[in-house]
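Chemist: The opening position of the sequence shown corresponds to residue 1 in UniProt numbering, with each subsequent residue numbered one higher.
Glycine is no exception: its CB is placed at the ideal position from the N, C-alpha and C atoms.
Please read these numbers as outputs of a predicted model, since none were measured by experiment.
Please read through the structure below; I'll follow up with questions.
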Amino acid sequence: MTSSNDRKKNGLKISDQKKLKFKELHLISETGHFGSE
């Protein structure tokens with residue numbers, strides 16, 4: 001069963017992942033390498 005609450009959580013997760021990806025890309029462009037930590 002998927003409730004609107006679950007969908008909200010998934011939406012937050014997706015946006016968080018996008019933010020993380022953006023941060024990672026920013027770090028890569030700044031440091032020149034990928035930091036996995």
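Whole angstroms are fine: how far does the CA of residue 4 sit from the CA of residue 10?
Modeler: Rounded to whole angstroms, residue 10 to residue 4 spans 10 Å at the Cα level.
Chemist: Is it buried or exposed, residue 15, if we count other Cβ atoms within 10 angstroms and call 16 or more buried?
Modeler: So residue 15 counts as exposed.
Chemist: Cα separation between residue 27 and residue 7?
Modeler: Taking the straight line joining both Cα atoms gives about 30 Å.
Chemist: Quick check on residue 11: does DSSP put it in helix, strand or coil?
Modeler: Of the three classes helix, strand and coil, the one that applies to residue 11 here is helix, per DSSP.
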